[in-house]
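Engineer: The structure follows.
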Amino acid sequence: MTSSTAVPSADIIRTVTEVVAEILGRPVDGLSPDADLRGVEGADSIKVVRIIAKIEQAFDIELEDEEIFGVNTIGEVVALVEKATARERA
Amino acid sequence: MSAPARDAVPLPWAGRADHHCFGCAPAPANPRGLALTFEQTGDRLGTAFVLDHHYESYPGVVHGGILGLICDETMGNLVVMRLGFPALTTSMRTRYLGVVAVGRRYRCVAEATEATGGANGLITARAEVLDEHGAPVATATAHYQPHQHAVEA
């Protein structure tokens with residue numbers, strides 16, 4: 039995925055949710071935007087960093103540590119990705 | 039250090055008497071180096087490695103700086119092979135996803151994300167280090183500046 043064009047929010051939400059589901063071994067349908075990443079069964083701090091790394095690859099972006107260690111929910115990760123993709127386009 | 043890959047890709051300076059690269063020179067040329075060898079799969083370049091206690095941080099844990107070096111070496115050689123001449127690392131960012139154990143086999147795979155260089159002339163690449171099960175344990179992104187005369191003829 040390139041960062042030269044705007045990524046629709048729906049695509050970001052879907053991709054982030056799919057990555058979270060894959061890394062945590064949970065069904066996509068069971069994850070909502072307000073799901074607490076660290077509260078999902080099977081989650082730990084290393085898996086959360088793996089989620090972030092996979093998302094960075096998927097969107098070809100770099101997220102800052104001070105940003106990612108402050109997020110708790112899938113919705114907050116989506117907001118970070120939107121901010122980062124906008125930053126890359128600027 | 040690891041045994042050379044059977045289908046190892048020859049690097050441009052292979053065979054030079056002054057090839058002492060810490061990452062990729064053969065062991066006789068640099069006994070302290072990693073002697074990495076590389077295989078090409080499509081557009082990607084990869085290297086398999088097993089590191090011993092000489093490259094340790096905490097007991098039993100591979101030093102993170104060595105992993106960064108391997109990522110840089112793999113991405114850098116990918117870029118060099120594309121260009122046909124050297125490129126210098128201008129910046130690299132590494133994300134560590136878990137512990138890398140001494141004595142275990144890992145693989146680093148690199149690909150160029152902006153293979154031709156952008157407006158600033160930089161080439162962007164990324165790499166990931168995978169464990170024996172294919173799970174990522176580190177990722178890296180880096181920029182390279184082509185530099186045709188970085189190596190003496």
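For the record, the sequence lines run as chains A and B. Numbering-wise, the first sequence is residues 39 to 128 according to this note's numbering. Numbering-wise, the second sequence is residues 39 to 191 according to this note's numbering. Think of the CB as a built atom: it goes at the ideal place given N, C-alpha and C, for glycine as much as any other residue.
For a cutoff of 8 angstroms on Cβ pairs, would you count B/Leu-160 as touching chain A?
Structural biologist: It does not; no Cβ of chain A falls within 8 angstroms.
Engineer: Would DSSP call B/Gly-53 helix, strand or coil?
Structural biologist: Note: B/Gly-53 maps to coil in three-state DSSP.
Engineer: If I measure Cβ to Cβ from B/Pro-174 and keep anything under 8 angstroms in the same chain, skipping five residues before and after, which residues do I get?
Structural biologist: Around B/Pro-174: Leu-135, Glu-166, Val-167, Leu-168.
Engineer: For a test of the three-state rule: what should DSSP assign to A/Asp-74, helix, strand or coil?
Structural biologist: Correct three-state label for A/Asp-74: strand.
Engineer: CB-CB under 8 angstroms to A/Leu-118, same chain, minus the five flanking residues each way: which ones, in chain order?
Structural biologist: Same-chain partners within the cutoff: Leu-101, Glu-105, Ile-106, Val-109.
Engineer: Can you list the residues of chain B that A/Arg-76 reaches, using a CB-CB cut of under 9 angstroms?
Structural biologist: What A/Arg-76 touches in chain B: nothing, since even the nearest Cβ is about 16 angstroms away.
Engineer: Just verifying my parser: in three-state terms, what is the DSSP assignment at B/Cys-62?
Structural biologist: DSSP places B/Cys-62 in coil when its eight states are reduced to three.
Engineer: Candidates A/Ala-128, A/Glu-56, A/Leu-75, A/Lys-121: which alpha carbon is nearest A/Val-66's?
Structural biologist: Residue A/Glu-56 is the option with its Cα nearest to A/Val-66.
Engineer: If you measure beta-carbon to beta-carbon, which residues of the segment 80 to 96 of chain A are closer than 8 angstroms to chain B?
Structural biologist: So the list reads Ile-84, Val-87, Arg-88, Ile-90, Ala-91, Lys-92, Glu-94, Gln-95, given in the order they occur along the chain.
Engineer: Taking the alpha-carbon of B/Met-113 as reference, which of B/Tyr-96, B/Gly-53, B/Val-88, B/Ala-178 has the nearest alpha-carbon?
Structural biologist: Out of B/Tyr-96, B/Gly-53, B/Val-88, B/Ala-178, B/Ala-178 has the C-alpha closest to the C-alpha of B/Met-113.
Engineer: To the nearest angstrom, how far is it from the Cα of B/Ile-104 to the Cα of B/Gly-71?
Structural biologist: Cα-Cα distance, rounded: 11 angstroms.
Engineer: Going along the segment 122 to 138 of chain B in order, which residues come within less than 9 angstroms of chain A, judged by CB to CB distance?
Structural biologist: Hits within the stretch, in order: Arg-131, Arg-133, Tyr-134, Leu-135, Gly-136, Val-137.
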